[in-house]
Amino acid sequence: MEFFKEFFDPDQLVIYYRVLFAAMLCGFIGLEREFKNHPAGFKTHLLVGVGSCLMMLLSLYGFRDYLDEYSNIQFDPARIPSYVISGIGFLGAGTILVRGATIRGLTTAASIWVVAGLGLIIGAGMYSLAVFATLLVLISLTFLGKMERLIYRNKKRRVIKVEVDAASQGLEKVIHTLHQYRASIHKMELSSMKKKDHGVVTQYNIEVELPLEKLDGALAALMKCHEIKKID
(Lines of atoms letter the chains of each structure in order from A and count residues from 1; the text may use other names and numbers.)
(Lines give C-alpha, C1' and ligand atoms only; values in the text may rest on other atoms or scores of the structure.)
Protein backbone atom coordinates (compact mmCIF):
# COMPACT_ATOMS: atom_id res chain seq x y z
CA MET A 1 0.00 0.00 0.00
CA GLU A 2 2.85 2.37 0.72
CA PHE A 3 3.94 1.94 -2.87
CA PHE A 4 0.56 3.11 -4.21
CA LYS A 5 0.29 5.94 -1.70
CA GLU A 6 3.52 7.35 -3.07
CA PHE A 7 1.86 7.83 -6.47
CA PHE A 8 -0.66 10.28 -5.01
CA ASP A 9 1.75 12.14 -2.77
CA PRO A 10 1.51 15.90 -3.55
CA ASP A 11 5.25 16.13 -4.20
CA GLN A 12 5.04 13.22 -6.64
CA LEU A 13 2.10 14.79 -8.48
CA VAL A 14 4.18 17.91 -9.11
CA ILE A 15 6.92 15.73 -10.62
CA TYR A 16 4.41 13.92 -12.88
CA TYR A 17 3.02 17.27 -13.99
CA ARG A 18 6.46 18.49 -14.98
CA VAL A 19 7.20 15.36 -17.02
CA LEU A 20 3.85 15.56 -18.83
CA PHE A 21 4.31 19.28 -19.46
CA ALA A 22 7.75 18.62 -20.96
CA ALA A 23 6.30 15.90 -23.19
CA MET A 24 3.54 18.24 -24.39
CA LEU A 25 5.68 21.28 -25.22
CA CYS A 26 8.55 19.33 -26.77
CA GLY A 27 6.03 17.25 -28.69
CA PHE A 28 4.59 20.42 -30.27
CA ILE A 29 8.03 21.32 -31.62
CA GLY A 30 8.54 17.75 -32.80
CA LEU A 31 5.24 17.81 -34.69
CA GLU A 32 6.40 20.83 -36.69
CA ARG A 33 9.55 18.91 -37.71
CA GLU A 34 7.46 15.78 -38.42
CA PHE A 35 5.09 17.63 -40.75
CA LYS A 36 8.07 18.89 -42.75
CA ASN A 37 9.51 15.35 -43.06
CA HIS A 38 12.72 16.01 -41.18
CA PRO A 39 14.83 13.09 -39.87
CA ALA A 40 14.03 13.79 -36.20
CA GLY A 41 10.34 14.39 -35.59
CA PHE A 42 7.65 14.02 -32.94
CA LYS A 43 8.96 10.97 -31.08
CA THR A 44 12.58 12.12 -31.00
CA HIS A 45 11.79 15.59 -29.68
CA LEU A 46 9.33 14.23 -27.12
CA LEU A 47 11.83 11.67 -25.81
CA VAL A 48 14.64 14.21 -25.62
CA GLY A 49 12.44 16.64 -23.70
CA VAL A 50 11.17 14.01 -21.27
CA GLY A 51 14.65 12.59 -20.75
CA SER A 52 16.10 16.03 -20.03
CA CYS A 53 13.27 16.76 -17.60
CA LEU A 54 13.94 13.48 -15.79
CA MET A 55 17.64 14.30 -15.48
CA MET A 56 16.82 17.68 -13.96
CA LEU A 57 14.34 16.11 -11.54
CA LEU A 58 16.93 13.51 -10.59
CA SER A 59 19.45 16.25 -9.96
CA LEU A 60 17.03 18.26 -7.79
CA TYR A 61 15.29 15.51 -5.83
CA GLY A 62 17.09 12.22 -6.39
CA PHE A 63 19.79 12.61 -3.76
CA ARG A 64 17.85 14.12 -0.85
CA ASP A 65 18.08 11.04 1.38
CA TYR A 66 21.79 10.71 0.70
CA LEU A 67 22.44 14.37 1.50
CA ASP A 68 20.34 14.20 4.68
CA GLU A 69 22.35 11.22 5.87
CA TYR A 70 25.72 12.73 5.00
CA SER A 71 25.35 16.42 5.76
CA ASN A 72 29.03 17.11 5.15
CA ILE A 73 28.71 16.18 1.46
CA GLN A 74 28.43 19.07 -0.99
CA PHE A 75 26.32 18.50 -4.10
CA ASP A 76 26.17 20.51 -7.33
CA PRO A 77 22.66 20.21 -8.87
CA ALA A 78 23.89 21.74 -12.15
CA ARG A 79 26.33 18.92 -12.90
CA ILE A 80 23.87 16.40 -14.37
CA PRO A 81 22.06 19.02 -16.53
CA SER A 82 25.40 20.20 -17.90
CA TYR A 83 26.13 16.67 -19.10
CA VAL A 84 22.71 16.55 -20.76
CA ILE A 85 23.51 19.62 -22.85
CA SER A 86 26.93 18.22 -23.77
CA GLY A 87 25.62 14.77 -24.61
CA ILE A 88 22.72 15.97 -26.74
CA GLY A 89 25.26 17.14 -29.32
CA PHE A 90 25.83 13.54 -30.38
CA LEU A 91 22.13 13.06 -31.08
CA GLY A 92 21.95 16.36 -32.94
CA ALA A 93 24.93 15.37 -35.07
CA GLY A 94 23.00 12.29 -36.18
CA THR A 95 20.35 14.48 -37.82
CA ILE A 96 22.88 16.41 -39.90
CA LEU A 97 23.27 14.87 -43.33
CA VAL A 98 26.37 15.64 -45.38
CA ARG A 99 26.22 14.60 -49.01
CA GLY A 100 29.04 15.96 -51.12
CA ALA A 101 29.14 19.65 -50.34
CA THR A 102 25.49 19.67 -49.22
CA ILE A 103 24.66 20.00 -45.53
CA ARG A 104 21.11 19.43 -44.28
CA GLY A 105 19.53 19.06 -40.88
CA LEU A 106 21.15 21.93 -38.99
CA THR A 107 17.80 23.43 -37.99
CA THR A 108 16.53 20.07 -36.74
CA ALA A 109 19.74 19.57 -34.76
CA ALA A 110 19.23 23.00 -33.20
CA SER A 111 15.61 22.18 -32.34
CA ILE A 112 16.73 18.99 -30.54
CA TRP A 113 19.19 21.06 -28.53
CA VAL A 114 16.41 23.53 -27.69
CA VAL A 115 13.97 20.84 -26.48
CA ALA A 116 16.72 19.48 -24.24
CA GLY A 117 16.90 22.93 -22.68
CA LEU A 118 13.10 23.02 -22.44
CA GLY A 119 13.07 19.74 -20.56
CA LEU A 120 15.63 21.06 -18.11
CA ILE A 121 13.82 24.29 -17.30
CA ILE A 122 10.48 22.48 -16.95
CA GLY A 123 12.13 20.02 -14.59
CA ALA A 124 13.30 23.03 -12.59
CA GLY A 125 9.73 24.38 -12.44
CA MET A 126 10.13 27.34 -14.81
CA TYR A 127 6.79 26.85 -16.57
CA SER A 128 6.12 30.33 -17.93
CA LEU A 129 9.58 30.55 -19.47
CA ALA A 130 9.06 27.14 -21.07
CA VAL A 131 5.77 28.23 -22.67
CA PHE A 132 7.31 31.48 -23.91
CA ALA A 133 10.32 29.64 -25.38
CA THR A 134 8.09 27.05 -27.08
CA LEU A 135 6.00 29.76 -28.74
CA LEU A 136 9.14 31.57 -29.86
CA VAL A 137 10.61 28.38 -31.35
CA LEU A 138 7.39 27.45 -33.16
CA ILE A 139 7.05 30.95 -34.60
CA SER A 140 10.67 30.84 -35.76
CA LEU A 141 10.34 27.42 -37.38
CA THR A 142 6.99 28.16 -39.01
CA PHE A 143 7.11 31.77 -40.17
CA LEU A 144 10.73 32.88 -40.57
CA GLY A 145 11.17 30.87 -43.77
CA LYS A 146 8.08 32.52 -45.26
CA MET A 147 9.33 35.92 -44.13
CA GLU A 148 12.67 35.35 -45.84
CA ARG A 149 10.92 34.44 -49.09
CA LEU A 150 8.78 37.57 -48.82
CA ILE A 151 11.78 39.83 -48.21
CA TYR A 152 13.75 38.35 -51.09
CA ARG A 153 10.83 37.90 -53.49
CA ASN A 154 12.63 40.01 -56.12
CA LYS A 155 15.40 37.43 -56.26
CA LYS A 156 15.43 34.39 -58.51
CA ARG A 157 16.59 30.99 -57.30
CA ARG A 158 18.07 28.53 -59.76
CA VAL A 159 20.50 25.64 -59.94
CA ILE A 160 23.70 26.24 -61.88
CA LYS A 161 25.65 23.21 -63.09
CA VAL A 162 29.34 23.89 -63.58
CA GLU A 163 32.24 21.67 -64.58
CA VAL A 164 35.68 22.74 -63.38
CA ASP A 165 39.15 21.30 -63.60
CA ALA A 166 39.73 19.45 -60.32
CA ALA A 167 43.39 20.50 -60.27
CA SER A 168 42.58 24.21 -60.59
CA GLN A 169 40.94 26.70 -58.25
CA GLY A 170 37.86 26.77 -60.43
CA LEU A 171 35.35 26.29 -57.63
CA GLU A 172 36.82 29.19 -55.66
CA LYS A 173 36.57 31.33 -58.79
CA VAL A 174 32.91 30.36 -59.24
CA ILE A 175 32.04 31.25 -55.63
CA HIS A 176 33.94 34.55 -55.84
CA THR A 177 32.16 35.50 -59.07
CA LEU A 178 28.73 34.69 -57.66
CA HIS A 179 29.40 36.77 -54.55
CA GLN A 180 30.42 39.70 -56.75
CA TYR A 181 26.92 39.61 -58.23
CA ARG A 182 25.26 39.51 -54.77
CA ALA A 183 24.27 35.87 -55.11
CA SER A 184 23.36 33.81 -52.04
CA ILE A 185 24.56 30.21 -52.25
CA HIS A 186 21.94 27.98 -50.59
CA LYS A 187 23.26 24.57 -51.55
CA MET A 188 26.34 23.21 -53.26
CA GLU A 189 26.53 19.56 -54.25
CA LEU A 190 29.37 17.54 -55.75
CA SER A 191 27.56 15.79 -58.59
CA SER A 192 30.25 13.78 -60.40
CA MET A 193 33.91 13.46 -61.26
CA LYS A 194 34.97 12.54 -64.79
CA LYS A 195 38.38 11.66 -66.12
CA LYS A 196 39.14 13.40 -69.41
CA ASP A 197 42.19 13.85 -71.62
CA HIS A 198 43.34 17.02 -69.88
CA GLY A 199 42.69 15.67 -66.35
CA VAL A 200 39.84 15.18 -63.90
CA VAL A 201 36.76 17.36 -64.31
CA THR A 202 34.41 17.88 -61.36
CA GLN A 203 30.76 18.81 -61.77
CA TYR A 204 28.96 20.83 -59.08
CA ASN A 205 25.28 21.64 -58.76
CA ILE A 206 25.05 25.05 -57.08
CA GLU A 207 21.69 26.40 -55.93
CA VAL A 208 21.91 30.17 -55.87
CA GLU A 209 19.55 33.07 -55.29
CA LEU A 210 20.31 36.46 -56.78
CA PRO A 211 18.54 39.61 -58.00
CA LEU A 212 16.85 39.17 -61.38
CA GLU A 213 18.79 42.04 -62.93
CA LYS A 214 22.08 40.37 -61.94
CA LEU A 215 21.33 36.89 -63.30
CA ASP A 216 22.45 37.35 -66.92
CA GLY A 217 25.57 39.23 -65.87
CA ALA A 218 26.56 36.52 -63.39
CA LEU A 219 26.17 33.77 -66.00
CA ALA A 220 28.15 35.77 -68.55
CA ALA A 221 30.95 36.35 -66.04
CA LEU A 222 31.09 32.64 -65.20
CA MET A 223 31.36 31.72 -68.87
CA LYS A 224 34.44 33.95 -69.19
CA CYS A 225 36.32 32.04 -66.46
CA HIS A 226 38.83 29.77 -68.20
CA GLU A 227 38.83 27.39 -65.21
CA ILE A 228 35.18 26.53 -65.95
CA LYS A 229 34.85 23.86 -68.62
CA LYS A 230 31.07 23.90 -68.91
CA ILE A 231 28.07 25.69 -67.43
CA ASP A 232 24.33 24.95 -67.66
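For the sequence shown, position 141 (counting from the first letter as 1) is numbered 141 according to UniProt numbering, and the numbering increases by one without interruption.
Think of the CB as a built atom: it goes at the ideal place given N, C-alpha and C, for glycine as much as any other residue.
With a 10 Å radius around the Cβ and a threshold of 16 neighbouring Cβ atoms, H186 comes out exposed. Of all alpha-carbon atoms in I15, L120, T107 and H179, the one lying nearest the alpha-carbon of R79 is that of L120. In this structure, the beta-carbon distance from I122 to A130 falls below 8 Å.
The beta carbon of I15 is closer than 8 Å to those of L57 and Y61 in its chain, skipping five residues each way along the sequence. Annotation: A183 to L54 spans about 46 Å, alpha carbon to alpha carbon.
Only residues of its own chain outside the window of five on either side were considered, and among them S52, M55, A116 and L120 have a CB closer than 7 Å to the CB of V84, listed in chain order.
Per DSSP, M188 is one residue of the beta strand (DSSP E) stretching across S184 to K196. The three-state reading of DSSP puts D76 in coil, since its state is none of H, G, I, E or B. With fewer than 16 neighbouring CB atoms inside 10 Å of its own CB, S71 falls in the exposed class. A straight-line Cα-Cα distance of about 12 Å links G89 and S82. Rounded to the nearest angstrom, the Cβ distance from L25 to G49 is 7 Å, consistent with a contact under 8 Å. For F21, the closest alpha carbon among the candidates F143, T134 and I206 is that of T134.
If you look at Y181, you'll find it isn't in any alpha helix (DSSP H); DSSP assigns it neither H nor E. Beta-bridge partners of R157 (DSSP): E209. The alpha-carbon separation between K194 and L118 amounts to approximately 49 Å. Here the alpha carbons of S111 and E209 stand approximately 26 Å from one another.
About 5 Å separates the Cβ atoms of T177 and A221, confirming a contact at the 8 Å cut-off.
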